[in-house]
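S.K.: Quick one: structure below, then a few questions.
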Amino acid sequence: MKGHTCVIEGKEVKVGDWVGFKCDIEQSGQVSKIEKVGSNIWLTLTNEYGFEGGYIGGQTVTKIHKADAWVD
Numbered sequence: 483m484k485g486h487t488c489v490i491e492g493k494e495v496k497v498g499d500w501v502g503f504k505c506d507i508e509q510s511g512q513v514s515k516i517e518k519v520g521s522n523i524w525l526t527l528t529n530e531y532g533f534e535g536g537y538i539g540g541q542t543v544t545k546i547h548k549a550d551a552w553v554d
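Written as structure tokens, this is what we have:
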């Protein structure tokens, strides 16, 4: 990770890009923050219309581990 970027599936992802992830269902979010905590990289994702599913349904912001994201 360098600055506000990270590599997912061999592609550089930066703040503002969209990534896919699964939380109950496959969905996507826009990267608003990339942070390194220890050896882990976390992505804060936003979706102005709200995410779906039983865990994050209706929320407009969520945080996921980089390993749980893919590039659409």
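My numbering puts the first residue of the sequence shown at 483, with every later residue one more than the last.
We put the CB at the ideal spot given by N, CA and C, even for glycine.
Computed from a predicted structure; not experimentally measured.
Go to Phe503, then tell me how far its beta strand (DSSP E) extends in each direction, as first and last residue.
M.R.: Walking along the sequence shown from the start, residue 503 turns up at place 21. Looking at the DSSP string, the run of the beta strand (DSSP E) that includes Phe503 is 500-505.
S.K.: Out of Glu508, Cys505, Ser514, Gly492, point me to the one whose CA is closest to Gly498's CA.
M.R.: Counted from its first residue, the sequence shown places residue 498 at position 16. Per the Cα distances, Ser514.
S.K.: Can you check which of these residues, Gly536, Gly520, Glu491, Thr528, is closest to Ile546 by C-alpha distance?
M.R.: As a position in the sequence shown, residue 546 is number 64, starting the count at 1. Nearest C-alpha to Ile546: Thr528.
S.K.: Take Asn522 as the anchor and find which of Asp506, Val501, Lys548 has the nearest alpha-carbon.
M.R.: The sequence position of residue 522 within the sequence shown is 40, counting from 1. Ranking Asp506, Val501, Lys548 by Cα distance to Asn522 puts Lys548 first.
S.K.: Could you tell me the alpha carbon to alpha carbon distance between Glu491 and Glu530, rounded to whole angstroms?
M.R.: Taking the first residue of the sequence shown as 1, we reach residue 491 at position 9. Taking the first residue of the sequence shown as 1, we reach residue 530 at position 48. Answer to the nearest angstrom: the Cα atoms are 25 Å apart.
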